[in-house]
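One structure is given here, and the rest of the page talks about it.
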Amino acid sequence: MPKSRSLFMRRSGVLMPVFSLPGEYGIGCFSRQAYRFVDFLAEAGQSYWQLLPLGPTSYGDSPYQSFSTFAGNPYFISLEELIGQGLLTEEECQSANLESDPEKIDYAALYERRFPLLRRAFERGEIEKMPDFQCFVEDNAFWLEDYALFMALKDAHGGRSFTEWEGPLRNRESQALEQARQGLRREILFYEYLQYVFQDQYFRLKTYANSKGIEIIGDIPIYVAHDSSDFWCNPGLFQVDENRQPTGVAGCPPDGFSAEGQLWGNPLYDWEGQKRDGFSWWIERIRRCMRLYDVIRIDHFRGLDEYYRIPAGAPNAVHGSWMPGPGLALFEKIWETLGHVSILVEDLGFITDSVRQLVARTEYPNMKVLEFAFDSRDTGGANLYLPHNYDRNCVVYTGTHDNETLVGWIRDLCPEDKKMFLAYLGTEETNERDLAERMLRLAQESVADSCIIPLQDYLGLDNRARINRPSTLGGNWMWRVTEEALSPGLAEYIHTLTATYGRLVSQKDRTE
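In this note's numbering, the protein residues as written are 5 to 516.
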C-alpha cells in the first residue's frame, strides 16, 4: 500500500479553519487574507495548513453537520472577488453590516444578509453563457444536480427539513422531482452557480498554497447529516425502514466524561449493502476529496472498524451496541480503484486492539493529542499520548478544534492532572503562557513525523478563542483571528521552533 510522501517526512503545520481567517464581511473566506495566511505559513516554515470540513453548514453552524458532503460552503466565497469582477459593489457589501465584532462570526447576519448579495452577483453574472460553467456541471454531475435541487426545495419549504416536505418530494417520486426541476429551474441554477464560484476560488487558493510549499490537509466527517442531500438522494446507503427513516443512529457510549454518552443522531451506513455495491459512494467521496486536498483526515476512523449503534428514537446513548464496520475491505477497494491516497487517521476516543490493528494494516499515520496525555479520568491509557511512547508514523497535536486552547487547558487542570503535567515537564513553573510554550516544544521535539498546532496555541490565547465545545449548542465555530495577530514576529517565532526541532523543509523539497 503506497504511503503519503509528505506525512512520512519531518514537518509541521497549523490547524486553522477557513472561517477563522481575518477579513471584511463577517467570516473568513477565500479573500486576499487567505492568500496572506498562506504567505504567513511559508514565512513561518510550515508545510501544512489543516482545515475543518468545507461543506455548507446547517443548523448549529457545525462543519461536521452539512447539507452535503460533496458541496462547498457558500459563506467562503470572497465578496472582494465578486466586487473586482463587477458583480457587486463595495457599497452594497459594506451596507449589509455583516459583522459587529471582527473576532466573532454572526451566523444569523450571514444567513440573512450574505445570501442576498450572492443572489445579486448571480443575477448579474449571466452564468449560463460561460462555457467553463457547463464543464463544471458535467464534471460534478454525480452530486451537483441533486444537491442544487435539494437546496432549492429546502428554500421553497422555508428551510424545513426534507422529512417535513410533502410525501412525493420527500420520497423522491420521479414526477414530483421533474415538476420541481421545471418550477425551480432558476433556484437550482443559483445553487450550481455558488458551487462553481466556490470551487473556482478554492482551487486558485490551493494552487497558490501548493506553489508556496504548503499542502492542504482536509477533514471529512465519517457520517453525513440526516437532513442532507446525501441521505435524501441515497437512502439505500443507510440503515432505514420501509418509510426511509433511520433505524439506528450514531454516537458514543458512556465513559468517564459523559454518563449518558454522546447521541450524535447521524444515520448509520448499511455497510453490507455498500460492500455489495463495491463501496461506490465512498469511492466517489474519496475521489472528490483527492481533488480538494493533498491529505485527507478521516474523522472518527474507529467507526470504520466498529461503530456504535443507538436505536432510533433513544433519548441518549446508554443502550447502544458495537457493530462491525467495513474494516480493511473499504480501503482495499479504495486502493484498487484510486491508487495512492494520502490519509491521516483520527483514532481518538475509545480505541480497541481491533482498531489499532486496522490502523496498522493501512499503514496510515494516526493522531496523538498532548492534552489527552495528562487526564487522570482516562482509564483507557492516557500514556499512549505521552511523547516518549510515540513512534514516527503519527501526527502530534497540542489539541484539536474540539479541545480547549493550551492556555485554557492549563488554567483548568485539576490538581492531580497538574501535578502529573508539571512532573513530566520537570518544572515548578506556574505561568500559563510559559507552560503553554513548553507544550509547544514538547510537540515539536517529539519523534512524530508531523506536528500540527492550532493557531490559537501559538498566539497563547485562552478559551475565549476555543473553536468548539462538544455536546453544547450555540456559541461554537465563531472565533476569528485579527489580521494584526498574524505578525512577522509570530511567523519568526514559529519558524524558530520549527527549525530548532528539525521540521523545516528545504525549498527544493517544497517545490518537488
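Built from N, CA and C at the ideal position, the CB exists for glycine as well.
Since this is a predicted model, take the numbers as computed values, not measurements.
Asked, Found
"Kindly give me the distance between the Cβ atoms of TRP483 and ALA469, rounded to whole angstroms, as I take these residues to be in contact under 8 Å.", "5 Å"
"State the Cα-Cα distance for the pair PHE283 and ILE347, rounded to the nearest angstrom.", "17 Å"
"Output the boundary residues of the alpha helix (DSSP H) element that contains GLU246.", "That residue, GLU246, is in no alpha helix (DSSP H); it is neither H nor E in DSSP."
"Taking C-beta to C-beta, are ARG313 and GLY252 nearer than 8 Å?", "yes"
"Mark GLN448 as exposed unless 16 or more other C-beta atoms lie within 10 angstroms of its C-beta, in which case mark it buried.", "buried"
"Within its chain, find whatever has a CB closer than 8 Å to the CB of PRO106; leave out the 5 residues flanking it on each side and keep chain order.", "PRO26, ARG484 and THR486"
"May I ask you to list the residues that DSSP assigns as paired with ALA254?", "ARG313"
"If you reduce the DSSP assignment to three classes, tell me which class ASP453 lands in.", "coil"
"From the DSSP output, read off the bridge partner residues of TRP483.", "LYS108"
"For GLY129 and LEU83, which I take to be in contact (beta-carbon distance under 8 Å), what is that distance rounded to the nearest angstrom?", "Not really, about 14 Å apart at Cβ, beyond 8 Å."
"Given a cut-off of 8 Å, decide if ALA440 and VAL411 are closer than it, judged by their beta-carbon atoms.", "yes"
"Jot down the residue ranges of each uninterrupted beta strand (DSSP E) in the segment 381–421, minimum 3 residues, whole runs only, in chain order.", "398–401"
"Sort out for me which residues DSSP pairs SER70 with in a bridge.", "THR61"
"To the nearest angstrom, how far is the alpha carbon of GLU436 from that of ILE414?", "6 Å"
"Counting C-beta neighbours from all protein chains within 10 Å, is the total for LYS210 16 or more, i.e. buried, or is it exposed?", "buried"
"Ignoring anything shorter than 3 residues or poking outside the segment 295–356, list the beta strand (DSSP E) runs there in chain order.", "299–302, 310–315, 325–328 and 347–349"
"Answer yes or no: does any C-beta atom of chain B fall closer than 8 Å to that of ARG507?", "Of the protein chains in this structure there is only one, and it is not chain B."
"Run through the DSSP bridge pairs and tell me what LYS372 is partnered with.", "VAL400"
"Are the beta-carbon atoms of THR502 and GLY49 separated by less than 8 Å?", "yes"
"Considering just the uninterrupted stretch of the alpha helix (DSSP H) at GLN138, what are its terminal residues?", "135–143"
"Give the secondary structure of SER16 by DSSP, where H, G and I count as helix, E and B as strand, and everything else as coil.", "strand"
"Can you grab the Cα-Cα spacing for the pair PRO458 / TRP285, in whole Å?", "32 Å"
"With DSSP as the reference, label ILE81 as helix, strand or coil.", "coil"
"State the Cα-Cα distance for the pair ARG14 and GLY479, rounded to the nearest angstrom.", "36 Å"
"Classify PRO419 as buried or exposed, calling it buried when 16 or more other Cβ atoms lie within 10 Å of its own Cβ.", "exposed"
"Specify, as a first and last residue, the run of the beta strand (DSSP E) that GLU219 falls within.", "219–224"
"Do ASP379 and ASP421 count as a contact pair if the criterion is CB distance below 8 Å?", "yes"
"Which residues bound the beta strand (DSSP E) around PRO271?", "266–271"
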